[in-house]
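Numbering (our numbering), first residue to last: 5 to 216. To start, the structure under review is shown below, and the notes come after it.
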């Protein structure tokens, strides 16, 4: 048997003394690390399950939209109750807004859109958010339909990412307020901002109505 050198013996004794002094702390660290790994794995599994469940439920909602025999409202409410912070909830809300507009329930549409904006404006990031942009655009249209064009203009002016669609709707609001010169200016800006042929044609019709 190989005899340990004095240095090795000293090291062994040193490690043994460390173990005796700190063994409970070391065991605690091991338990915390292992527990953290297990917890992380469980969190990931739970997150994956929720993502799959919300996806399946949203697919059921889409099926219910196509098949009127299914309870569309009940499935929509399940998504909003169980997965309120997901994109699926936003998509369901946008669909409900459309349905309410078609049924002339403008107050309900306004309420839903304001909730979407409140939810997304409370996030830390200031980056462009397509959900927030869509909600802003649709809320502006609803406000105009309700006879509140000034509120629509204020909403658009307070949004930092102005695009062609918002400029067009701002022009619509200004027409409602008989601000025809301002409306022409925004229609022209909207015309320059879009590449969509059908949208360009619509804006040109609005300009023609104003005598442009």
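Cβ atoms here follow ideal geometry from the backbone N, Cα and C, with glycine treated the same way.
query: Are residue 147 and residue 155 touching if we call contact CB-CB under 7 Å?
result: yes
query: Cβ of residue 188 within 7 Å of Cβ of residue 170?
result: no
field: Nearest-angstrom Cα separation, counted from residue 203 out to residue 196
entry: 11 Å
task: Report yes or no: do the stretch 80-89 and the stretch 106-121 share at least 3 C-beta pairs separated by less than 8 Å?
output: no
query: With DSSP run on the structure shown, which of helix, strand or coil describes residue 200?
result: coil
- prompt: Using CA coordinates, which residue listed in 182, 199 and 168 is at the minimum distance from residue 191?
  reply: 168
query: Looking at C-alpha atoms only, which residue of 35, 76, 176 and 135 is the closest neighbour of residue 119?
result: 135
field: Endpoints, the alpha helix (DSSP H) within which residue 104 is located
entry: 91-106
- prompt: Which residues mark the beginning and the end of the alpha helix (DSSP H) in which residue 85 is found?
  reply: 76-86
field: residue 97 burial status per 10 Å Cβ neighbour count (16 or more: buried)
entry: buried
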